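Here this note's numbering = 1-based position in the sequence shown + 283.
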Amino acid sequence: MHWIGVILAAMLAVGCSMPGVKSQDPVEMEARSLLSGFEAKNNGLESFKGIATVRYLENGVLRKARVAWIGVIPDKLRMAAMAPSGHPLVSFSDDGVSLYLLSYPDDRFHQGKSNTSLKQFLSVPISTRELISVLCGRIPLQNPSGRVLIHREENGYVMETKTPWNSGSKKFFLDKEKKDILKFESIDSEGIMEYRVEWDRFQEIKGFFLPYFISIRDREGLVLEIDAGEVWVNPAVDPDAFVLKPGAGFIR
């Protein structure tokens, strides 16, 4: 029928922008090759832990805390924060099934779905898997069926991954040699930045390159700075370490 031919012609005309159809454009093919290389960074890293000083905003006031974390790639992470006085502030953990949150000042406990937004804990809508990638100096894995664009700017290149049907995107800012990603931004479906991550002071640890300084900002400015003191790679990890249980007196 005639309408079938019209539909097929339209699909061929816009095929490169349809989910699941990869473009043969040489620029996009180069961008996809670069993206694959960045996603493969630190392959072989299976677990990690670290201790850091963090600076964060609370009600407009810049505060400091000590944070320790331990994680297993790709979906298990536990972080605990203490005030400079040594008193515990908050702990959260994701065991790949559930997300747990313990707030010590008000004795509250929350349990929810794994890999959901950590906005309640970090004030930015970043997921557990994305945060694990950030701590490991890796970009979050991107949807392979979306488009990958790249263009040059004054100080380097910008590579952007589009999700199918433009439900959101990531922007990666590369150096002039296209060898390293200096920072990335998460963009929502309306084109508004949700958060920005910047890395600095990478150090080699047993063949892996990990950041010792991480900055996370939302659209209004600084949210969290992580200044690592010590980082360990591939430590032995007890799976039970990622299940938090509230003590007596905690409110669910």
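The beta-carbon is built from N, C-alpha and C at its ideal position, and this holds for glycine as well.
Just so it is clear, the structure is predicted and the values come from calculations on it, not from any experiment.
Hey, could you find the ends of the alpha helix (DSSP H) residue i is sitting in?
| i | result |
| --- | --- |
| residue 502 | Unbroken run through residue 502: none, as it is neither H nor E. |
| residue 416 | 411–418 |
| residue 404 | 402–405 |
Let's test the definition: count the other Cβ atoms within 10 Å of the Cβ of residue i and tell me whether it reaches 16, buried, or not, exposed.
| i | result |
| --- | --- |
| residue 512 | exposed |
| residue 494 | buried |
| residue 519 | exposed |
| residue 323 | exposed |
| residue 476 | exposed |
| residue 445 | buried |
| residue 293 | Low per-residue confidence applies at residue 293: pLDDT is 40, beneath 50, and the placement is therefore not dependable, though the value from the model is reported in the following sentence. Residue 293 is exposed by the Cβ-count criterion. |
| residue 350 | buried |
| residue 423 | buried |
| residue 453 | buried |
| residue 368 | exposed |
| residue 505 | exposed |
| residue 343 | exposed |
| residue 526 | exposed |
| residue 487 | exposed |
| residue 319 | exposed |
| residue 395 | exposed |
Compare the Cα-Cα distances from residue i to each of the options and report the closest residue.
| i | options | result |
| --- | --- | --- |
| residue 312 | 465, 443, 389 | 443 |
| residue 377 | 414, 345, 388 | 414 |
| residue 474 | 480, 502, 402 | 502 |
| residue 393 | 405, 375, 406, 354 | 375 |
| residue 464 | 383, 398, 492 | 492 |
| residue 337 | 390, 363, 318 | 363 |
| residue 434 | 402, 388, 447, 455 | 455 |
| residue 440 | 373, 461, 490, 387 | 461 |
| residue 346 | 320, 509, 528 | 509 |
| residue 485 | 325, 449, 386 | 325 |
| residue 314 | 348, 430, 398 | 430 |
| residue 403 | 529, 308, 521, 341 | 341 |
| residue 260 | 489, 370, 309 | Residue numbering for the chain in the displayed model covers 284 to 535; residue 260 lies beyond these limits and cannot be assessed. |
| residue 459 | 319, 436, 496 | 436 |
| residue 416 | 332, 348, 529 | 332 |
| residue 308 | 468, 432, 469, 318 | 432 |
| residue 334 | 449, 514, 530, 529 | 514 |
| residue 457 | 384, 438, 385 | 438 |
So, for residue i: in the same chain, excluding its five sequence neighbours on each side, which residues have a beta-carbon less than 8 Å away from its beta-carbon?
| i | result |
| --- | --- |
| residue 400 | 408, 409, 410 |
| residue 316 | none |
| residue 328 | 356, 419, 491, 516, 517 |
| residue 321 | 421, 422, 455, 464 |
| residue 397 | 358, 377, 378, 379, 380, 381, 382, 411 |
| residue 496 | 482, 483, 484, 508, 509, 510, 511 |
| residue 530 | none |
Can you tell me where the beta strand (DSSP E) holding residue i begins and where it ends?
| i | result |
| --- | --- |
| residue 486 | 476–488 |
| residue 439 | 439–445 |
| residue 465 | 464–470 |
| residue 436 | 431–436 |
| residue 533 | Premise fails: residue 533 is in no beta strand (DSSP E) and is neither H nor E. |
| residue 452 | 452–457 |
Go through its chain and collect everything with a Cβ distance to residue i's Cβ below 6 Å, but skip five positions before and after it.
| i | result |
| --- | --- |
| residue 471 | 451, 477 |
| residue 358 | 379, 412 |
| residue 533 | 390, 392 |
| residue 481 | 466, 498 |
| residue 468 | 454, 476, 479 |
Cutting at 7 Å between CB atoms, please list the residues of its own chain near residue i, excluding the five before and the five after it.
| i | result |
| --- | --- |
| residue 524 | 353, 361 |
| residue 507 | 337, 339, 405, 499 |
| residue 387 | 371, 372, 373 |
| residue 365 | 348, 349, 371, 372 |
Confirm the yes/no value for this check: CB of residue i, any heavy atom of the ligand NAD, distance under 7 Å.
| i | result |
| --- | --- |
| residue 353 | Ligands displayed in this structure: none; no statement on the ligand NAD is therefore possible. |
Can you list the alpha helix (DSSP H) stretches of 4 or more residues lying completely in the stretch 317–391, in chain order? Counting whole runs of 4 or more residues, the stretch 317–391 contains no alpha helix (DSSP H) stretch at all.
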